[in-house]
Amino acid sequence: MDLGMAQAQIQQQQQKGNQSADFGPDSGGRIKGLTIVKPLIYGNVARYFGKKREEDGHTHEWTVYVKPYNNEDMSNYVKQIHFKLHESYADQNRMLTAPPYEVTETGWGEFEIVIKIYFHDPNERPVTIYHILKLFQSPPGTTPAAVTGDFKKPLVSEFYEELIFQDPSAMMHQLLTNTRQLTLGEYKHDTDFEEKKEKTIKNLLNAKEKISNEIADLREKIKLAKDTITKFKEEISKYQGDMSVDVSGLS
Numbered sequence: 001m002d003l004g005m006a007q008a009q010i011q012q013q014q015q016k017g018n019q020s021a022d023f024g025p026d027s028g029g030r031i032k033g034l035t036i037v038k039p040l041i042y043g044n045v046a047r048y049f050g051k052k053r054e055e056d057g058h059t060h061e062w063t064v065y066v067k068p069y070n071n072e073d074m075s076n077y078v079k080q081i082h083f084k085l086h087e088s089y090a091d092q093n094r095m096l097t098a099p100p101y102e103v104t105e106t107g108w109g110e111f112e113i114v115i116k117i118y119f120h121d122p123n124e125r126p127v128t129i130y131h132i133l134k135l136f137q138s139p140p141g142t143t144p145a146a147v148t149g150d151f152k153k154p155l156v157s158e159f160y161e162e163l164i165f166q167d168p169s170a171m172m173h174q175l176l177t178n179t180r181q182l183t184l185g186e187y188k189h190d191t192d193f194e195e196k197k198e199k200t201i202k203n204l205l206n207a208k209e210k211i212s213n214e215i216a217d218l219r220e221k222i223k224l225a226k227d228t229i230t231k232f233k234e235e236i237s238k239y240q241g242d243m244s245v246d247v248s249g250l251s
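Next comes the structure, spelled out in structure tokens:
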């Protein structure tokens, strides 16, 4: 990061602090009936070294991250993001105050990373996300990449999430609606979430149709069973009536 960029970020943080003071202790009050949604992507990318590193036994380099789904600068409303790593790392807690919100490390095992997002509005509660760091396509120990020779291809494990601001404060509303573009060039993710969404919807519709057909079949079987029971009852009633006639005739 160059000096100019660092100074710009310091000025931006100071401006956010001034905004908080301008809006007062309640951040300008809540705007009832308003909902603002900010989609984001979180996850990790991992690359296999091809073998265990001799000095520490590490097998992968990985990067865990949080980034906006849309091309916008989250730092306008995000104050900082805290990544809590496994306790075996010397600096377990990583706090980032500007994009890119990512941590790069090396290791050999998978573990849960706790991600906590803090906002410039002091009255807005932090959001916590839990992510399982993924290094292996298959269970650890099988090293499929080493066998296939495909260890140069990175593994990507990322997910779509939404930050939902219900009845945001006046301050938060201003921050959320005045974001700027993050990059000038093409902005895309490793995962095609639109395609993933379409596949998920298709699978849900297929599952719904399958369940509807199964319910229809079950209803037909129940109807058939009820009809059979009714028929047996009628036969039994008729038989009992015939028996009564025979007995009365004998008497």
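So for the sequence shown, UniProt numbering puts the first residue at 1; every next one is plus one. The beta carbon of each residue, even a glycine, is placed where N, CA and C say it ideally should be. Remember, predicted model here, so these are calculated numbers, not experimental data.
According to the DSSP assignment, residue 173 belongs to the alpha helix (DSSP H) that extends over 170-176.
Here residue 83 is not near residue 132, since their CB atoms are 9 Å or more apart.
Here residue 64 is near residue 103, since their CB atoms are less than 9 Å apart.
In the three-state reduction of the DSSP assignment, residue 229 falls in the helix class, which pools H, G and I.
In the structure shown, residue 33 adopts coil according to DSSP, grouped into three states. Contact between the segment 115-124 and the segment 154-171 is present: three or more C-beta pairs spanning the two stretches fall below 8 Å. DSSP places residue 80 in the uninterrupted beta strand (DSSP E) bounded by 78-84.
Of all alpha-carbon atoms in 176, 94, 66, the one lying nearest the alpha-carbon of residue 35 is that of 176. As computed with DSSP, residue 189 is found in no beta bridge at all.
Rounded to the nearest whole angstrom, the CA to CA distance from residue 137 to residue 96 is 29 Å.
Between residue 237 and residue 213, the alpha-carbon positions lie close to 36 Å from each other.
Scanning its chain for C-beta atoms nearer than 8 Å, with the 5 sequence neighbours on each side dropped, one finds around residue 58 the residues 49, 52, 106, 107, 108, in chain order.
Bounds of the beta strand (DSSP E) holding residue 101 are 101-107. Relative to the Cα of residue 70, the nearest Cα in the group 182, 208, 219, 206 belongs to 182. In this structure, residue 201 sits away from residue 161, with a CB-CB distance that is not shorter than 9 Å. In the structure shown, residue 54 adopts coil according to DSSP, grouped into three states. Closest in C-alpha terms to residue 186, from the list 66, 40, 38, 72, comes 72. Rounded to the nearest angstrom, the Cβ distance from residue 118 to residue 79 is 5 Å, consistent with a contact under 8 Å.
The alpha-carbon of residue 231 is positioned some 24 Å away from that of residue 215.
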